[in-house]
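FYI, the numbering for the sequence shown is 1253 to 1355, going by this note's numbering.
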Amino acid sequence: MNNLTHSKQGQQPLLYLEVEYDEKFDGYLGDLRRYLTIDLKKQDAFRTINDLEIDFSNLSQAIDCYREKGYIKQVKIWENPFLKAFKQLPEGINVDLLAPITY
1253 MNNLTHSKQG
1263 QQPLLYLEVE
1273 YDEKFDGYLG
1283 DLRRYLTIDL
1293 KKQDAFRTIN
1303 DLEIDFSNLS
1313 QAIDCYREKG
1323 YIKQVKIWEN
1333 PFLKAFKQLP
1343 EGINVDLLAP
1353 ITY
């Protein structure tokens, strides 16, 4: 079977968000997209993601609540440096996905 796919060629990541839970916690937040609110900056049809405002405040509140209870060990986050659409991202450890990999 050939697992090679070209459907993602030319696409670039916009956001990386990893929630690491405590080993003793037997649960999770679920689909994180349901905590997001998306608004159009203009009333016209949007052409790029920069025409949107993606609000993470509900997700940030949920993560803070789980963090206070000790359910979340850490949050890792990377935001595309050329994108300005994200608002109220959760606090976390910044990861540099564009840094070269060294061995």
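Think of the CB as a built atom: it goes at the ideal place given N, C-alpha and C, for glycine as much as any other residue. Treat the numbers as computed from the prediction; the structure is a model and nothing was measured.
- Query: By DSSP, does N1302 sit in helix, in strand, or in coil?
  - Reply: helix
- Item | Straight-line gap, E1331 to N1302 (C-alpha atoms, nearest Å) | 13 Å
- May I ask you to report which of helix, strand or coil DSSP gives L1335? coil
- Query: Helix or strand or just coil, what does DSSP make of Y1323?
  - Reply: coil
- Query: Who pairs with K1328 in a beta bridge, going by DSSP?
  - Reply: E1270 and I1345
- Would you report the Cα separation of I1324 and D1316, rounded to the nearest angstrom? 9 Å
- Message: On the DSSP bridge list, what partners appear for D1307?
- Response: T1289 and K1339
- Message: Can you look up Q1264 in the DSSP assignment and give me helix, strand or coil?
- Response: coil
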